[in-house]
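Chains A and B, in that order, give the protein sequences. First residue of the first sequence: 1, per UniProt numbering; consecutive thereafter. First residue of the second sequence: 1, per UniProt numbering; consecutive thereafter. Only one structure is covered here, and it is reproduced in the block below.
There are 2 protein chains.
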Amino acid sequence: MIYEDYYIFTPGPVKMSEEIMEVGAKQTPYFRNCEFSDVTFACEKGLLEMVNAPEGSKVIFLTASGTAGMESVVMNLLNKDDNALVVHGGGFGGRFVEICKTHDIVHTDFKVTNTNLSDIETLAPKENYSSLIVNAHETSVGHLYDLNAMGAYAKKNNLLYIVDAISMLVTDPLDMQESAIDVVIASSQKGLALPPGLTMVVLTPRALEKVQDVKSLYFNFKDYLNNGERGQTPYTPAVTIMLQLEARLAQIKRRGGVEQSIRSAKEIAEYFRENIKTLPLKAYTPFMPNAMTTLTPTDGKAAMDIVNDLEDKYKVMVCPNGGEQRDLIFRVSHMGDMTKAYTDVLIDALHDYYQVDRV
Amino acid sequence: MIYEDYYIFTPGPVKMSEEIMEVGAKQTPYFRNCEFSDVTFACEKGLLEMVNAPEGSKVIFLTASGTAGMESVVMNLLNKDDNALVVHGGGFGGRFVEICKTHDIVHTDFKVTNTNLSDIETLAPKENYSSLIVNAHETSVGHLYDLNAMGAYAKKNNLLYIVDAISMLVTDPLDMQESAIDVVIASSQKGLALPPGLTMVVLTPRALEKVQDVKSLYFNFKDYLNNGERGQTPYTPAVTIMLQLEARLAQIKRRGGVEQSIRSAKEIAEYFRENIKTLPLKAYTPFMPNAMTTLTPTDGKAAMDIVNDLEDKYKVMVCPNGGEQRDLIFRVSHMGDMTKAYTDVLIDALHDYYQVDRV
């Protein structure tokens, strides 16, 4: 087994709790029965509560990676009459642009840098749009948008507001009703801290009305919604991850609800940032989420070298960036079953690496 | 946790070995590195060997259920110039027909009943086809086709021969070279006895040449093939299941290769069939695989009642059929980590149920 004794601070997969891993060690049960339907219903109820979805909202469970969640939403909710404003603040915003291109959805590639879009009203191109698509947290650079400001803008202009919350759910606040969000896309291996392989789409009644016929079996939302009525999916679900999700939602509730998870992530993120202040590293953006810290070396060291050295010398895994940002930034996740003690391992490693005494 | 103390004889999920479940209990490692690429390469190599794929064949690993494997093959390999002969011997053959319809692929819905198609040359409609699509094992009724006869027919007529081997791999023989198969679709939760969530497509050089541009990000084979060169996937893979697949392929090899797995499944299937001979149950078809036994009650009992009673009274789960076959047949899987001792639990339950002494 690879990397069993490594400390992981990568933004997906993230550290899972013992309780969740134990569920992963069980036989996969049969799922075409009422007992498994109850699992699905429990997962749906827990997720809807977590994001404060309006009454009548539904969850679609897709056995797939998050990208399938993103693509299937565009396929099932947008068509040739649409004009989408796609926020493109990094690799994952760019992926939504690619998806719109692939499915011939008219769209504007709204490129932004270092803004939380609290002034989206001013910054957005002045066209008639039918929908607004954003990655709440642009994981590629570690950058959180102002969901409320964007929601107000969407509401004022009557846009369908689609939010990919894959890498901020459970660590940063998301409230569908407060932010007037119509669609939320979530995934198993980020803040939910489960193995990868399950992506979930939350649809409000307003979004449900938009669901149309698609040229796809696997991504046919109507089919999932029909089967969902009895707690089932059209095709074999990721049974193990669904059981882990049920356990995880119960765990979050038991520990004090999602608010407590968010507080905890915030505390750990701040603890980390406070404790590396004397090192030659600076925050890449002022709009960082609790989910992650994005750092730029200030002493000319290449970010990729730091990533490699941390892995080789300290068995600590942080996340490099691709492309031109390869040597400019690296990312540290605070998602998953994190504690200050676990985070200390990375803080100490960084101090040792720079030969700076920890204050 | 549901059904932990039940005996499972359902055809997916199937019984997993302790060794595989232990891998499921580990932290998910980071995967965008050479260590994980090695896992992917090992899985690819093991699978290609297992199906005796011709030199130069490639494997695509999709994080998804088997249906996504079936649909993506049709999307990536067939187009408007094609004419597909789709063998439809049950629910899964019917699914291929639906997929062709959805993607506007010209096709013939070749309905068959109780034949292994060893005489496909005689039975098939006399049209000019470009491809032949078949579920090697039609799991919905437990029915195995003659892959060699169909391969000879495909070769003679220059058809692209696409085989869904999802529920017969590892328990029944499949040899891509011997049967002249161009594409094999496999899935994690059947004979491979892993949790559901991973589907694999094996493409021979002949099939690779047919891979075209598609209107899909998630199912874009070209993208998977490009990333596959360095042992990666375009989107987050089902990391845990990939690690379990690596362990499972090593386990199969260590136990004597896939031939041994097939011999073992055959032995257990025959043991089961031999030991229920005195009960009022008969084989549904003469073309049963080693993977499964399909039974029809001969005493007028409804199959669905038997399924429910076995579960309630003996904690033994066999598989019901849907639709009109609900009361006609039930299915018993021999896939996964099966032993005669484990199978005895079901044999004894059936004898007790019928109040017949076991001979």
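The beta-carbon is built from N, C-alpha and C at its ideal position, and this holds for glycine as well.
CB contact check: residue i to chain B, cutoff 8 Å
i, result
"A/His103", "yes"
"A/Tyr30", "yes"
"A/Thr67", "yes"
"A/Met16", "yes"
"A/Gln251", "no"
"A/Tyr129", "no"
"A/Lys26", "yes"
"A/Ile99", "yes"
"A/Tyr7", "no"
"A/Thr171", "no"
"A/Thr63", "yes"
"A/Lys215", "yes"
"A/Met21", "yes"
"A/Tyr218", "yes"
Rounded C-alpha distance that separates residue i from residue j
i, j, result
"A/Asp344", "A/Met288", "20 Å"
"B/Met1", "A/Met21", "Legend: pLDDT at B/Met1 = 49, less than 50; position of this residue unreliable, value from coordinates given subsequently. Straight-line Cα distance between these residues: approximately 13 Å."
"B/His137", "A/Gln212", "34 Å"
"A/Asp327", "A/Glu270", "24 Å"
"B/Leu295", "B/Pro195", "26 Å"
"A/Gly89", "A/Val141", "8 Å"
"A/His334", "A/Met317", "12 Å"
"A/Ser188", "B/Thr122", "50 Å"
"A/Val74", "A/Lys26", "35 Å"
"A/Ser72", "B/Ala64", "13 Å"
"B/Thr304", "B/Tyr218", "Note that residue 304 of chain B is Met in the sequence shown, not Thr. Each residue's Cα considered, the two are about 38 Å apart."
"A/Asn79", "A/Leu208", "15 Å"
"B/Ser17", "B/Val170", "14 Å"
"B/Pro173", "B/Ile241", "24 Å"
"B/Gly93", "B/Leu225", "27 Å"
"B/Leu85", "B/Ala154", "10 Å"
"A/Asp81", "A/Ala124", "20 Å"
"residue 360 of chain A", "A/Lys282", "Summary: the structure shown does not reach residue 360 of chain A, with chain A confined to residues 1 through 359, and so no result is reported for it."
"A/Val87", "A/Ala186", "18 Å"
"B/Leu117", "A/Leu192", "48 Å"
"B/Thr339", "B/Asp5", "17 Å"
"A/Ser37", "B/Phe96", "26 Å"
"A/Glu311", "A/Thr293", "18 Å"
"B/Asp267", "B/Glu259", "It should be pointed out that residue 267 of chain B corresponds to Glu in this sequence rather than to Asp. Rounded to the nearest angstrom, the two C-alpha atoms are 12 Å apart."
"B/Gly91", "B/Asp337", "26 Å"
"A/Thr298", "A/Tyr353", "15 Å"
"A/Thr40", "B/Ile133", "33 Å"
Residue i at chain A interface by Cβ criterion, 8 Å
i, result
"B/Ala40", "Inspection of the sequence shows that residue 40 of chain B is occupied by Thr rather than by Ala. Judged by the 8 Å Cβ criterion, B/Thr40 is not in contact with chain A."
"B/Leu85", "no"
"B/Ala349", "no"
"B/Ile162", "no"
"B/Ser140", "no"
"B/Gly12", "yes"
"B/Glu4", "yes"
"B/Met1", "Its pLDDT being 49, under 50, B/Met1 is placed unreliably by the model, and nothing is read from it."
"B/Glu229", "no"
"B/Glu259", "no"
"B/Glu44", "no"
"B/Glu71", "yes"
Buried versus exposed, by CB contacts within 10 Å (16 or more), residue i
i, result
"B/Leu291", "Sequence check: residue 291 of chain B is Ala here, not Leu. Buried, by the Cβ-count rule."
"A/Lys58", "buried"
"B/Asp104", "exposed"
"B/Asp164", "buried"
"B/Asn114", "exposed"
"A/Val356", "exposed"
"B/Cys34", "exposed"
"A/Gln244", "buried"
"A/Asn220", "buried"
"B/Asn135", "buried"
"B/Asp182", "buried"
"B/Val359", "exposed"
Note to self: I'd like the ranges of any alpha helix (DSSP H) spanning at least 4 consecutive residues and lying wholly in the segment 224-296 of chain A.
What the structure shows: 239-254, 257-275
Next item on the list: Mind checking the segment 332-345 of chain A against chain B and listing, in chain order, the residues whose C-beta falls within less than 8 Å of any C-beta there?
Entry: The residues in question: there are none.
Checklist line | Against chain B: residues of the segment 176-206 of chain A by CB proximity under 7 Å | finding: Gln189, Pro195, Pro196, Gly197
Notebook entry, point to check: Name the residues in the segment 264-295 of chain B whose C-beta lies less than 7 Å from a C-beta of chain A; which are they?
Noted result: none
Item checked: Residues within the segment 233-246 of chain A neighbouring chain B, beta-carbon criterion of under 9 Å -> Within the segment 233-246 of chain A, the residues whose Cβ lies closer than 9 Å to some Cβ of chain B are Thr233, Pro234, Tyr235, Thr236, Pro237, Ala238, Val239, Thr240, Ile241, Leu243, listed in chain order.
Checklist line | Start-end ranges of the beta strand (DSSP E) lying completely within the segment 96-170 of chain B, minimum 3 residues | finding: 107-111, 131-135, 160-164
Margin query: Residues of the segment 315-329 of chain A in Cβ contact with chain B at a cutoff of 7 Å, in chain order, please.
Written below: If the cut-off is 7 Å between Cβ atoms, the segment 315-329 of chain A has Met317 near chain B.
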